[in-house]
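All the letters of the sequence shown, read from the start, carry residue numbers 12 to 258 under my numbering.
Have a look at the structure below before the remarks.
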Amino acid sequence: MVAPASKLTPRHIAITMDGNGRWAAARGLARSAGHRAGLTPVRMCIEECARRGVEALTLFAFSSENWGRPAQEVGSLMGLFLEALERELEELHAKGVRLRFIGERRDLPVRLQARFAAAEARTAGNGGLKLQVAVSYGGRWDIIQATQKLAKECSSGALRPEDISEARFAAQLALAGVPPADLLIRTGGEYRVSNFLLWDIAYAELYFSARLWPDFAVADLEEALAFFATRERRFGHTVARHSAAKA
Ligand code: IPE
Ligand code: IPE
Ligand code: MG
């Protein structure tokens, strides 16, 4: 059974940071300027989550499908990831953040792959906020890569197909060891999942904000948290039964 988070505060918040391109277009700027402006709310959310004792924060920065964007935009995003990481890593480390990147590493520039690995190693021992940044990530990719690992175990004889349980499967996913998402926030006004965490959002509360990501401010995050606090999470049970199971 899914263990409920505290009724009022999510243990794990996932955010689809959408609307950078529209934010830039509205100002007559290049899309890359919107992506750069999106770093401000990234810092704010990390800060706020750490301060409020949220256990995990997962940010959707670049999807499997975003590889289909013009090469110039993809290149500027990869450059921005590298630059932001170089600039912010030591401060994140000092704050006790444990940083991980989820997604298909092999498709990334080699230099970025190395930086990701180094940042993970540097912060691996930290006990503060678990921060996952999804780059070259797709929920379908994640399910496929987990399936491939289990299939290899089965074909080597180490695992019987009938022993594949939800727990064993989840242990192969990119977010293994991170509690399931309690709250999924999407900015930018679209009401869709766009291949973000498919397995992990099974019982997440969904919050959609019309705000374009670079404009997402503390008050907007507070609104999302206030929304979460009003939700009655039943996990498929009746209210009475769910309360009894918790007691
Ligand atoms: C989200 O903003 C960032 C990425 C997907 C990399 P967009 O770039 O999708 O911005 P819009 O949705 O076009 O405004
Ligand atoms: C989702 O936004 C991916 C990220 C925010 C990284 P998109 O802009 O790529 O999604 P669609 O195209 O609106 O579905
Ligand atoms: Mg978008």
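Note that the Cβ used here is the ideal one computed from N, Cα and C, for glycine as well.
Everything numeric in this text was worked out from a predicted model, so none of it was measured.
Does any heavy atom of ligand 2 sit closer than 6 Å to the C-beta of residue i?
| i | result |
| --- | --- |
| Ser-205 | yes |
| Thr-27 | yes |
| Phe-92 | no |
Buried or exposed: where does residue i fall if 16 or more other Cβ atoms within 10 Å of its Cβ makes it buried?
| i | result |
| --- | --- |
| Pro-319 | The question about residue 319 has no answer here: the residues shown for the chain are numbered 12 through 258. |
| Tyr-202 | exposed |
| Ala-169 | exposed |
| Phe-246 | exposed |
| Lys-18 | exposed |
| Lys-141 | buried |
| Ser-167 | exposed |
| Val-53 | buried |
| Gln-83 | exposed |
| Val-250 | exposed |
| Lys-225 | As written in the sequence, residue 225 is Pro, which differs from the Lys given in the question. Buried, because 16 or more other Cβ atoms sit within 10 Å of the Cβ of Pro-225. |
| Ser-74 | buried |
| Val-229 | exposed |
| Gly-30 | buried |
| Gly-49 | buried |
Determine, using beta carbons only, whether residue i comes closer than 7 Å to chain B.
| i | result |
| --- | --- |
| Pro-21 | As a matter of chain content, chain B is missing from the structure shown, which is built from one protein chain. |
Tell me which residues share the same chain as residue i and place their Cβ nearer than 6 Å to its Cβ, disregarding the 5 neighbours each side in the sequence.
| i | result |
| --- | --- |
| Tyr-148 | Ile-113 and Gly-114 |
| Cys-165 | Pro-172 |
| Leu-186 | Asp-211 |
| Leu-195 | Ala-25, Ile-212, Ala-215 and Leu-217 |
| Gly-200 | Ala-221 |
| Ala-240 | Leu-19 |
| Thr-69 | Ala-25 and Gln-143 |
Go ahead and pull the three-state DSSP assignment for residue i.
| i | result |
| --- | --- |
| His-104 | helix |
| Val-13 | Any reading at Val-13 must be qualified, since the residue scores a pLDDT of 40, below 50, and its modelled position is unreliable; the value itself is stated next. Val-13 falls in the coil class under three-state DSSP. |
| Leu-93 | helix |
| Ile-155 | helix |
| Val-250 | helix |
| Ala-258 | Note that Ala-258 has pLDDT 49, beneath the 50 cutoff, so the model's placement of it is unreliable and the number below is only indicative. Correct three-state label for Ala-258: coil. |
| Arg-197 | strand |
| Thr-53 | Just to set this straight, residue 53 is Val in the shown sequence, not Thr. Three-state result, Val-53: helix. |
| Arg-22 | coil |
| Gln-183 | coil |
| Glu-164 | helix |
| Ser-74 | strand |
| Phe-239 | helix |
| Ala-7 | Only positions 12 to 258 of the chain appear in this structure, which leaves residue 7 out of reach. |
| Ser-147 | strand |
| Arg-62 | helix |
| Leu-142 | strand |
| Ala-67 | strand |
Does at least one heavy atom of ligand 1 sit under 6 Å from the Cβ of residue i?
| i | result |
| --- | --- |
| Arg-47 | no |
| Asn-31 | yes |
| Asn-137 | no |
| Gly-199 | yes |
| Phe-73 | yes |
Ignore the nearest five residues each way along the sequence and tell me which others in residue i's own chain have a CB closer than 7 Å to its CB.
| i | result |
| --- | --- |
| Gly-138 | Gly-107 |
| Gly-32 | Arg-42 and Gly-45 |
| Glu-66 | Arg-22, His-23, Lys-141 and Pro-190 |
Please return the same chain residues whose Cβ sits closer than 8 Å to the Cβ of residue i, not counting the five positions on each side in sequence.
| i | result |
| --- | --- |
| Arg-209 | For clarity, residue 209 is Leu in the given sequence; the question names Arg instead. These residues qualify, in order along the chain: Gly-150, Arg-151, Asp-153 and Ile-154. |
| Glu-76 | Gly-149, Ser-205 and Asn-206 |
| Lys-160 | Gln-183 |
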